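Structure first, then comments.
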Amino acid sequence: MEPRNPYPTVDVIIENGGGIILIERKNPPHDWAIPGGFVDWGESLEEAAVREAREETSLHVRLIRQFHTYSDPRRDPRHHTITTVYIASAEGKPRAADDAKAIGIFTRDNLPPSLAFDHTDILNDYFSKRY
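Count the sequence shown with my numbering and you get residues 123 to 253, in order.
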């Protein structure tokens, strides 16, 4: 039997305009989400985070720090992924691109009611400064 391994992914909590940037996904699962995606072959986690942020928000981000890694096998309904989350800053006006249908800046008090994957847990940790 061929080995099965989880897929490495990254997510980027982008601080901008007094809040954080979330995207509304074009592809399933359709919900709001932290910008992010799969790490490409030959790419570091940091490179993937900067690339994914640019692809989905049209912004050039500056990574501030690695936040935490989330590995619950059920975090993505499509397959087993492990995500490393970064906190980043960016200036400018975000614009939805790539697989982002819409984009917005949110605070703890006005988050969308439904977030994809385990992003509610991640943002609860972020806003409570858990890690």
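We put the beta carbon where it would ideally sit given N, CA and C, even for glycine.
Bear in mind the structure is a predicted one, so any value in this text is a computation, not a measurement.
- Residue burial is scored here from C-beta neighbours: G214 has fewer than 16 other C-beta atoms within 10 angstroms and is therefore classed as exposed.
- When Cβ pairs closer than 8 Å are counted between the two stretches, the region 195 to 215 is seen to touch the region 232 to 247, the count reaching three or more.
- Secondary structure of D133 (DSSP, three-state): strand.
- Shown here, Y253 sits in coil according to DSSP, grouped into three states, outside any helix or strand.
- Take the alpha-carbon of E165 and the one of V132: they are about 11 Å apart.
- Excluding its 5 nearest sequence neighbours in each direction, A219 has C-beta neighbours in its own chain below 8 Å: E177, E178, T179 and S180, listed in chain order.
- 8 Å or more divides the Cβ of I225 from the Cβ of I209.
- With fewer than 16 other CB atoms across the displayed protein chains lying within 10 angstroms of its CB, E124 is exposed.
- Its Cα nearest to that of L233, the residue E146 stands out among V183, E146 and V207.
- Counting C-beta atoms within 10 angstroms of its own C-beta, G140 has fewer than 16 neighbours from the protein chains shown and is therefore classed as exposed.
- From the listed residues A175, D194, R252 and K223, the smallest Cα separation to N138 is found for A175.
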